[in-house]
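Visitor:
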Amino acid sequence: MKIIVANWKMNGNFEFADKFVEEINAVDSKNTIVVCPPTALLCRFHSFRYYIGAQNCYCEEYGAYTGENSPKLLKEAGCEYILIGHSERRHIFQETDDLIFKKWQAAIAQNLTPIVCIGEKSCDRHNWKQAISTQLNSFLKKDLHSSIFAYEPVWSIGTDLVPRFDEIETIFEFIRDLLRATVPLLYGGSVSSQNASQLLNYARMDGLLVGRASLKINEFKRILIQ
Ligand code: 13P
């Protein structure tokens with residue numbers, strides 16, 4: 014059984030969410046399916062038969078943090094998973110490794126399953142070991158038994174460029190060695206129905222993190238039934 018996570022980013026609306034819930038509820042998949050819509054759409058997922066997740070959270074429980082959502086509130090809104098440190102959070106919103114680690118702690122404290130996103134930028138492509146080690150540094154020697162990690166090379170997001178499968182395997186091995194834990198490891202970056210089954214079968218991965226392809230219902234269905 015694999016974990017397939019849909020990250021809608023800042024896309025979708027009420028009408029699309031309702032259609033998505035209806036159509037995906039009709040899919041029988043042996044995989045664990047998690048959908049992360051924008052926060053304002055979580056209320057449309059009450060009848061969803063699979064899991065929902067948040068795309069982000071803040072690291073405090075309550076307080077004067079205008080515009081933020083706490084893991085506690087997201088849990089109350091029905092989330093069981095939460096993306097932490099997505100590259101768009103790191104690069105557009107300047108989230109640091111330190112803040113990302115605090116968000117991970119806050120999510121764990123609410124019994125949410127964090128999906129920690131890591132991956133090198135295109136300028137670090139030949140120096141990926143250093144980039145990934147830095148992002149993972151705070152997580153070493155921590156109890157990771159309820160966490161998921163997702164390797165998403167930044168240069169692959171939204172570009173239709175996918176690393177070679179042997180490259181992904183090498184990087185996965187590096188991540189597993191570094192974490193010294195058997196955490197589920199997902200791949201994300203230009204996943205489509207064309208490459209999903211090869212990715213899932215070839216590279217010893219536990220699942221996929223899907224962006225654009227999760228916004229086309231038929232395309233996403235094809236990925237779910239791999
Ligand atoms: P794409 O699948 O659109 O490349 O996005 C990947 C991603 O960022 C998922 O979190």
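Each residue of the sequence shown is one higher than the one before, counting from 14 in this note's numbering. Here a beta-carbon is modelled for each residue, glycine too, at the ideal position from N, C-alpha and C. Every value quoted in this text rests on a predicted model; they were computed, and no experiment measured them.
(1) Assess, as a yes-or-no matter, whether the stretch 71-90 is touched by the stretch 138-154 under the definition of 3 or more beta carbon pairs within less than 8 Å.
(2) With a CB to CB cut of under 8 Å and the five nearest residues on each side skipped, what residues in its chain are close to leucine 112?
(3) Going by other Cβ atoms of all chains shown within 10 Å of its Cβ, with 16 needed for buried, is isoleucine 1 buried or exposed?
(4) Rounded to the nearest angstrom, how far is the Cβ of isoleucine 65 from that of glutamate 36, given a contact under 8 Å?
(5) As a quick exercise: from Ser210, Lys115, Ala226 and Ile188, pick the residue whose alpha carbon is nearest that of glycine 202.
(6) Answer yes or no: the CB of serine 206 versus the heavy atoms of the ligand 13P, is any distance below 7 Å?
(7) Please report the Cβ distance between asparagine 82 and threonine 52, rounded to the nearest whole angstrom; I am assuming they are in contact, meaning their Cβ atoms lie under 8 Å.
(8) Mind checking serine 135: buried by the 16 CB within 10 Å criterion, or exposed?
(9) Output yes or no for whether 8 Å exceeds the beta carbon distance between valine 200 and leucine 212.
(10) Given valine 34, which residues of its chain have a CB within under 7 Å of its CB, disregarding the five upstream and five downstream residues?
(11) Which residues does DSSP list as the beta-bridge partners of proline 84?
(12) If you check the beta carbons only, do aspartate 219 and leucine 198 fall under 8 Å apart?
(13) Using the DSSP secondary-structure output, state which residues sit across from leucine 221 in a beta bridge.
(14) Please tell me whether leucine 221 and alanine 209 are closer than 8 Å, where the distance is taken between their beta carbons.
(15) Could you tell me the boundaries of the alpha helix (DSSP H) in which valine 34 lies?
(16) Between the C-alpha atoms of aspartate 137 and threonine 195, what's the straight-line distance to the nearest angstrom?
(17) State the start and end residues of the unbroken alpha helix (DSSP H) segment that holds phenylalanine 114.
(18) Taking just the CA atoms, how far does tryptophan 168 sit from leucine 174?
(19) Is the CB-CB distance between isoleucine 95 and isoleucine 128 below 8 Å?
(20) Less than 8 Å between the C-beta atoms of isoleucine 238 and valine 48, yes or no?
(21) Have a look at Trp141, Lys154 and Ser205 and flag the residue whose alpha-carbon is nearest the alpha-carbon of phenylalanine 185.
(22) Is histidine 139 near the ligand 13P - that is, is its Cβ less than 7 Å away from at least one heavy atom of it?
(23) With DSSP run on the structure shown, which of helix, strand or coil describes isoleucine 236?
Guide: Taking the definition as stated:
(1) no
(2) Cys72
(3) The question about residue 1 has no answer here: the residues shown for the chain are numbered 14 through 239.
(4) About 16 Å; that fails the 8 Å criterion.
(5) Ala226
(6) no
(7) 6 Å
(8) exposed
(9) Before going further, note that residue 200 is tyrosine rather than valine in the sequence given. Yes. Within cutoff.
(10) Arg57, Phe58, Ser60 and Phe61
(11) Beta-bridge pairing links proline 84 to no other residue.
(12) yes
(13) Ile17 and Tyr200
(14) yes
(15) 27-38
(16) 26 Å
(17) 110-122
(18) 7 Å
(19) yes
(20) no
(21) Trp141
(22) no
(23) helix
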